[in-house]
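Q: Before anything else, here's the structure in question.
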Amino acid sequence: MTKKICPACGAEDIIKRKTPHLINEAFGGGREVDIVEDRCKVCGTVGDFFSQNDTLISEAIDQCKSLAVKNILQNFLSHAATSMSSMERALELPQRTLTKWKNGQTKPSAAGLALLKMLRIFPWLLDVAENKFDYEKGQRIHINEAMRELVSRMSFNDTLSSDLKISTSCNFVFNLTYDNSFQKGHNEHVPQEAIEGLSGATTMLVEQY
Amino acid sequence: MPYNLFKMFKIACRDSPYDVIPFKQATDDANKIFNLRTKKSLLAFIVNDGLEDLTFINKKKWEQNQNPDNPIEVYAYRFRTRAIVGYIAFMFNSKTEKWLIKSFHQPEDRNAAMLEAMQKALENKSLEESND
Chain A
1 MTKKICPACG
11 AEDIIKRKTP
21 HLINEAFGGG
31 REVDIVEDRC
41 KVCGTVGDFF
51 SQNDTLISEA
61 IDQCKSLAVK
71 NILQNFLSHA
81 ATSMSSMERA
91 LELPQRTLTK
101 WKNGQTKPSA
111 AGLALLKMLR
121 IFPWLLDVAE
131 NKFDYEKGQR
141 IHINEAMREL
151 VSRMSFNDTL
161 SSDLKISTSC
171 NFVFNLTYDN
181 SFQKGHNEHV
191 PQEAIEGLSG
201 ATTMLVEQY
Chain B
1 MPYNLFKMFK
11 IACRDSPYDV
21 IPFKQATDDA
31 NKIFNLRTKK
41 SLLAFIVNDG
51 LEDLTFINKK
61 KWEQNQNPDN
71 PIEVYAYRFR
81 TRAIVGYIAF
91 MFNSKTEKWL
101 IKSFHQPEDR
111 NAAMLEAMQK
121 ALENKSLEES
131 ND
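If you're matching them up, the sequences are chains A and B in order.
For the first sequence, my numbering begins at 1 and goes up steadily by one.
For the second sequence, my numbering begins at 1 and goes up steadily by one.
This is how it looks when you write it as structure tokens:
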């Protein structure tokens, strides 16, 4: 049997110990595994000198990835008004592919899992697929979603005159609402044409989609 | 010479991965910064030309070397992968015949390195445009 030596200095004085190592996977949670850590008492080098950890880590990553697939698909079924068959149709995947992934009958490839993660973060990509990946339509869907997200995060009260407030409904149509004082004509600083122009511009932008 | 050495290092990563050992800190940084979670994925990344715009920085004696009869030099390089500027340092021990990845992280002067990389890219672009 060959002696175990430090790969860095060649000394035989090696301490082996196990340390916890956390594997994290987006949407798949975390898993702790005990990995081997070799330490040379002579030169102080620390590492996995004899390649013992890769299998352990890979197995833990695989388990987390399986869980991520389940969680992502479960989330789609719970929150998005779409069925797996519809998703498969839009993405041109063979029918029951997603069901098999969810039940663990088959495993998605790394590319398949990356697609699922993308869809989990940007569910509107399904609409892009639904539109046969048409570039122009894809851009419009993207802009529309970006606007919707932006509006949901913005406080218009901070940026516009207190007399003028813009709100948005969830079907992406912008509405202009006025304070009572504005409607009564007390504010003369914002011309009516400007309001109408603003209203028209936003509505036109949204209607393009 | 430094670039020939890197080629030899790459060949070792491809043909004899058991003879390439990353230090624990290098493994941790590869995982944390570059999303390379296993030694296998780290070596595959190196083999498949993942280290773009590789630039030799310097070579230094390995400070922890306890054997003066066997001098070991650490070679350091800068690289880029997408928008991340990285730093790799490795060494070869001719006695044990092992390659060791000492560091695999972002350089301490990464802002300056990024600026340099961007300037280089811009220069290349303007050269291409002038050729057109």
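Glycine included, every Cβ here is placed at the ideal spot set by N, Cα and C.
1) Mind listing the chain A neighbours of B/ASN35? Cutoff is C-beta to C-beta under 7 Å, in chain order.
2) Count the other CB atoms, across all protein chains shown, that sit within 10 Å of the CB of B/ARG78; report buried if there are 16 or more and exposed otherwise.
3) What residues from chain B crowd round A/SER51, counting only those whose CB sits closer than 7 Å?
4) How would you list, in chain order, the residues of chain D whose beta-carbon sits under 9 Å from the beta-carbon of A/GLY28?
5) By the criterion of Cβ-Cβ separation under 8 Å, what are the contact partners of A/SER58 in chain B?
6) Give the straight-line distance between the Cα atoms of A/ASP62 and B/LEU43, rounded to the nearest whole angstrom.
7) For B/MET1, count neighbouring C-beta atoms within 10 Å of its own C-beta (all shown protein chains included) and say buried if the count is 16 or more, exposed if not.
8) Tell me the residue span of the beta strand (DSSP E) that contains B/LYS102.
9) Would you grab the beta carbon distance between B/LYS102 and B/ALA26 for me? Rounded to a whole angstrom, and I think it's under 8 Å.
10) Listed in chain order, which residues of the region 89 to 114 of chain B have Cβ atoms closer than 7 Å to some Cβ of chain A?
11) Any C-beta of chain B sitting closer than 8 Å to the C-beta of A/ALA68?
12) Give me, in chain order, the residues of the same chain whose beta-carbon lies closer than 7 Å to that of A/ALA8; leave out the 5 immediate sequence neighbours on both sides.
13) Going by C-alpha distance, which of A/GLU92, A/VAL151, A/LYS65 and A/LYS132 is nearest A/PHE27?
14) Following the continuous alpha helix (DSSP H) through A/ILE59, name the residue where it begins and the one where it ends.
15) Is there a Cβ of chain B sitting closer than 8 Å to that of A/ALA129, yes or no?
16) If we call anything under 8 Å between Cβ atoms a contact, is A/PRO108 one with A/LEU116?
17) Answer yes or no: do B/LYS24 and A/GLY112 have a C-beta to C-beta separation smaller than 8 Å?
18) Does DSSP classify A/ARG31 as helix, strand or coil?
19) What is the C-beta distance between A/ILE57 and A/VAL36, in whole angstroms, given that I count them as a contact (C-beta under 8 Å)?
20) For B/GLN119 and chain A, any beta-carbon pair shorter than 8 Å?
21) From the beta carbon of B/PRO68, is the nearest beta carbon of chain A less than 8 Å away?
22) Output needed for A/ALA60: all residues of its chain with C-beta closer than 7 Å, excluding positions within five of it in sequence on either side, in chain order.
23) Against A/GLY104, what residues of chain B qualify as contacts under a CB-to-CB distance less than 8 Å, listed in chain order?
24) Is it the case that the Cβ atoms of A/LEU98 and A/LEU126 are separated by a distance below 8 Å?
25) According to DSSP, is B/THR55 part of a helix, a strand, or is it coil?
26) Could you give the residue range of the alpha helix (DSSP H) that holds A/GLU88?
27) Which of the three DSSP states is assigned to A/ARG96 in this structure?
28) According to DSSP, which residues form a beta bridge with B/THR81?
29) How about B/ILE46 and B/CYS13: do their beta carbons lie closer than 8 Å?
30) Could you pull out every residue in the same chain whose Cβ sits closer than 7 Å to the Cβ of B/LYS32, ignoring the five residues on either side in sequence?
31) Can a CB atom of chain A be found closer than 8 Å to the CB of B/ASN65?
32) List, in order along the chain, the chain A residues whose C-beta lies closer than 9 Å to that of B/PHE23?
33) So, B/ALA30 versus B/PHE92, is the Cβ gap smaller than 8 Å?
34) Taking B/THR27 as the query, report the chain A residues whose CB atoms sit under 8 Å from its CB, ordered along the chain.
35) Indicate whether at least one CB of chain B lies closer than 8 Å to the CB of A/GLU37.
A: The answer reads as follows:
1) Numbered from its first residue, the second sequence carries residue 35 of chain B at position 35. For B/ASN35, there are no neighbours in chain A by C-beta distance under 7 Å, as the nearest C-beta there is about 11 Å away.
2) For the purposes of this step, residue 78 of chain B is identified with residue 78 of the second sequence, where counting begins at 1. Around the CB of B/ARG78, 16 or more other CB atoms lie within 10 Å, so the residue is classed as buried.
3) Mapped onto the first sequence, residue 51 of chain A falls at position 51. Against chain B, a Cβ distance below 7 Å from A/SER51 picks out TYR18 and LYS39.
4) The structure shown has no chain D; the protein chains it does contain are A and B.
5) In the first sequence, the residue the question calls residue 58 of chain A occupies position 58. For A/SER58, the C-beta contacts it makes with chain B under 8 Å involve THR38 and LYS40, in order along the chain.
6) Taking the first residue of the first sequence as 1, we reach residue 62 of chain A at position 62. Taking the first residue of the second sequence as 1, we reach residue 43 of chain B at position 43. In a straight line, the C-alpha of A/ASP62 is about 19 Å away from that of B/LEU43.
7) Here residue 1 of chain B refers to the residue found at position 1 of the second sequence. Result: exposed.
8) Position 102 of the second sequence, counting from 1, holds the residue named residue 102 of chain B. From DSSP, the beta strand (DSSP E) with B/LYS102 extends over 98 to 105.
9) Along the second sequence, read from residue 1 onward, the residue named residue 102 of chain B stands at position 102. Along the second sequence, read from residue 1 onward, the residue named residue 26 of chain B stands at position 26. Yes, B/LYS102 and B/ALA26 are in contact; Cβ-Cβ is about 6 Å, under 8 Å.
10) Across the region 89 to 114 of chain B, CB contacts with chain A closer than 7 Å involve ASN93, LYS95, THR96, LYS98 and LEU100, in sequence order along the chain.
11) Taking the first sequence and counting its residues from 1, the one referred to as residue 68 of chain A is at position 68. Not one chain B Cβ lies under 8 Å of A/ALA68.
12) In the first sequence, the residue the question calls residue 8 of chain A occupies position 8. These residues qualify, in order along the chain: CYS40, CYS43 and THR45.
13) Taking the first residue of the first sequence as 1, we reach residue 27 of chain A at position 27. Comparing alpha-carbon positions, the option among A/GLU92, A/VAL151, A/LYS65 and A/LYS132 lying closest to A/PHE27 turns out to be A/LYS65.
14) By 1-based counting over the first sequence, the position of residue 59 of chain A is 59. Ile is not the amino acid found at residue 59 of chain A; the sequence shown has Glu there. Segment 53 to 79, the alpha helix (DSSP H) holding A/GLU59.
15) For the purposes of this step, residue 129 of chain A is taken as the residue at position 129 of the first sequence. Not an interface residue.
16) The count along the first sequence starts at 1 and reaches residue 108 of chain A at position 108. The count along the first sequence starts at 1 and reaches residue 116 of chain A at position 116. Yes.
17) Mapped onto the second sequence, residue 24 of chain B falls at position 24. Mapped onto the first sequence, residue 112 of chain A falls at position 112. Taking the C-beta atoms as reference points, A/GLY112 is found no nearer than 8 Å to B/LYS24.
18) As a working note, residue 31 of chain A is residue 31 in the first sequence. It is a strand residue.
19) Along the first sequence, one-based indexing puts residue 57 of chain A at 57. Along the first sequence, one-based indexing puts residue 36 of chain A at 36. Wrong, their Cβ atoms sit about 11 Å apart, outside the cutoff.
20) As a working note, residue 119 of chain B is residue 119 in the second sequence. No, B/GLN119 lies away from the interface with chain A (no Cβ there is under 8 Å from its Cβ).
21) Reading the second sequence from its first residue, position 68 is the one you call residue 68 of chain B. It does not; no Cβ of chain A falls within 8 Å.
22) What you label residue 60 of chain A is simply residue 60 of the first sequence in a count that begins at 1. Excluding sequence neighbours, A/ALA60 sits near ILE23, ARG31 and VAL33.
23) Taking the first residue of the first sequence as position 1, residue 104 of chain A is located at position 104. Going along chain B, no residue has its Cβ under 8 Å from A/GLY104, so there is no contact; the nearest lies around 22 Å.
24) Taking the first residue of the first sequence as 1, we reach residue 98 of chain A at position 98. Taking the first residue of the first sequence as 1, we reach residue 126 of chain A at position 126. Not in contact: A/LEU98 and A/LEU126 (Cβ atoms no closer than 8 Å).
25) The count along the second sequence starts at 1 and reaches residue 55 of chain B at position 55. Taken through DSSP and simplified to helix, strand or coil, B/THR55 comes out as strand.
26) Position 88 of the first sequence, counted from the start, is the residue given in the question as residue 88 of chain A. Here the alpha helix (DSSP H) through A/GLU88 covers 84 to 91.
27) Counted from its first residue, the first sequence places residue 96 of chain A at position 96. In this structure, A/ARG96 counts as coil in the three-state DSSP scheme.
28) Looking up residue 81 of chain B in the second sequence gives position 81. Residue pairing by DSSP puts B/THR81 in a beta bridge opposite B/ILE84.
29) As a first step, residue 46 of chain B must be located in the second sequence, where it is residue number 46. As a first step, residue 13 of chain B must be located in the second sequence, where it is residue number 13. Contact flag set, yes.
30) Within the second sequence, the letter at position 32 stands for residue 32 of chain B. So the list is empty, once near-sequence residues are dropped.
31) In the second sequence, residue 65 of chain B corresponds to position 65, counting from 1. With 8 Å as the cut-off, B/ASN65 counts as an interface residue toward chain A.
32) The sequence position of residue 23 of chain B within the second sequence is 23, counting from 1. Residues of chain A whose Cβ lies closer than 9 Å to the Cβ of B/PHE23 are, in chain order, ALA8, THR45, VAL46 and GLY47.
33) Position 30 of the second sequence holds residue 30 of chain B. Position 92 of the second sequence holds residue 92 of chain B. No. Outside cutoff.
34) Here residue 27 of chain B refers to the residue found at position 27 of the second sequence. Chain order gives the chain A residues near B/THR27 as GLY47 and ASP48, where near means a beta carbon separation below 8 Å.
35) Translated into positions along the first sequence, residue 37 of chain A becomes position 37. For A/GLU37, the answer is yes, since a Cβ of chain B falls inside 8 Å of its Cβ.
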